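Residue numbers (the working numbering): 279 to 597.
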Amino acid sequence: MSTLNPQDAKAFGKVGVLFGGRSAEREVSNMSGSGVLAALQSKGIDAHPFDPGQRSLAELAAEKFDRVFIALHGRYGEDGSLQGALELLGIPYTGSGVMASSVGMDKITTKIVWLHKGLPTPRYAVLNAQSDLAATAADLGLPLIVKPPHEGSTIGITKVNEAGAFKAAYDTAAALDDSVLAEEFVTGREFTVAILGGGATARALPVVEIVAPEGNYDYQNKYFTDDTKYFCPAALPEALSEEMRRIAVEAYRALGCEGWGRVDVLLRERDQKPFLLEVNTSPGMTTHSLVPMAARAEGISYEDLCVEILRTARLKMKG
């Protein structure tokens with residue numbers, strides 16, 4: 279871990295670490311934010327916790343933070359709403375701006391943009407209460423994945439193996455979102471690519487492979503067990519690893535993301551073709567999280583990673 283001299287630490291000013299929030303991912307955000315807060319404080323940075331789930335925007339303004347590190351996940355923290363408030367308050371912040379955060383949080387809109395850019399993503403259907411589920415199953419094939427398009431951390435996601443289970447899966451997702459995403463199931467290995475920077479300077483960190491028990495990378499296996507195995511750098515041919523990193527960076531840039539993020543990728547077993555699943559514009563920073571893992575593989579400590587991300591904090595709207 280590199281040291282940060284007192285003058286450089288002081289240059290960040292008063293820093294707010296935003297975590298907790300009101301989303302279904304509050305528990306994970308608390309873990310992420312606590313880690314980030316401790317890391318920044320260990321570097322001598324004047325960092326303070328702030329929970330937008332329990333305190334108002336007026337209180338946020340009153341704190342007079344010089345910049346904030348967003349360690350919120352999901353709605354009201356990762357979806358552009360908080361980013362818009364910070365722009366109005368004039369507080370520089372980490373991560374993507376309003377538009378990229380909003381689009382990245384919507385898995386359907388993300389797919390539309392990626393397909394327009396010619397990027398590979400699994401076939402899908404958008405469902406509502408009037409949708410013909412049998413026709414959708416026939417078109418996409420079984421098994422398929424059903425998910426609420428505005429949630430993260432695998433919340434509300436169901437793998438449907440038989441047509442009779444489709445309605446229950448739809449109901450689970452519909453309880454969390456107005457629309458539901460049904461997605462072709464891609465059989466193969468699961469990977470993620472962490473990205474730092476933005477625009478022409480965006481760079482991919484080493485690829486991480488995720489091997490979950492029985493292929494079930496759910497909320498519990500993500501955050502609260504040691505049964506899931508991670509391999510970084512992933513055991514891939516160099517050309518395939520570079521291709522995966524390339525399309526991940528293209529996918530990130532296509533949405534206008536910046537600061538940092540993570541793009542999830544599936545590698546289809548039958549032809550070794552990568553498919554983009556989703557982008558995370560405020561990824562987890564827990565002890566089980568994948569961005570810190572990828573950074574370590576490149577020789578970047580957790581504490582240095584937090585400082586590097588904090589350096590990128592800025593207002594994105596000109597004028």
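Backbone N, C-alpha and C define an ideal beta-carbon position, used for all residues, glycine too. All values reported here derive from a predicted model rather than from experimental measurement.
| Query | Result |
| --- | --- |
| Supposed contact pair L364 and Y371 - C-beta distance, whole angstroms, cut 8 angstroms | 5 angstroms |
| Residue nearest to I323 in terms of C-alpha spacing, selected from Q332, G299, R300 and D286 | D286 |
| Meets three-Cβ-pair contact criterion under 8 angstroms: the stretch 466-475 and the stretch 446-456 | no |
| Three-way DSSP call (helix, strand, coil) for F444 in this model | helix |
| Residue closest to E440, alpha-carbon to alpha-carbon, out of A336, I423, N558 and E528 | I423 |
| Contact belief for S374 with C535 at Cβ below 8 angstroms, rounded distance in angstroms | 5 angstroms |
| Boundaries of the beta strand (DSSP E) in which R345 is found, first to last residue | R345 to I348 |
| Contact under 7 angstroms by Cβ, V489 with C510 | no |
| Sub-7 angstroms separation of L315 and V295 beta-carbons | yes |
| Three-state secondary structure assigned by DSSP to Y580 | helix |
| First and last residue of the uninterrupted beta strand (DSSP E) at V543 | W538 to R546 |
| Residues of its chain near G466, where Cβ-Cβ distance is below 7 angstroms and the 5 sequence neighbours each way are ignored | L544, L545, R546 and E547 |
| Cβ-based burial, K500 [other Cβ within 10 Å; buried from 16] | Unreliable positioning characterises K500 in this predicted model, as indicated by a pLDDT of 46, which lies under 50. A coordinate reading is not provided. |
| Endpoints, alpha helix (DSSP H) assigned at K385 | K385 to H394 |
| Euclidean distance between Cα positions of E462 and D505 | 26 angstroms |
| Cβ contact check for the stretch 334-344 and the stretch 291-305: 3 or more pairs under 8 angstroms | yes |
| N439: first and last residue of the uninterrupted alpha helix (DSSP H) it sits in | Run containing N439: none; DSSP gives neither H nor E here. |
| For V391 and L518, the rounded distance between their alpha carbons | 23 angstroms |
| For R574 and R589, the rounded distance between their alpha carbons | 18 angstroms |
| Given E429 as reference, the closest of L350, K395 and S409 once Cα atoms are compared | L350 |
| Close beta carbons around A591, own chain, < 6 angstroms, minus the five adjacent residues each side | R345, P370, Y371 and T372 |
| Spatially closest choice to T564 from R300, M309, K288 and P284, by CA coordinates | M309 |
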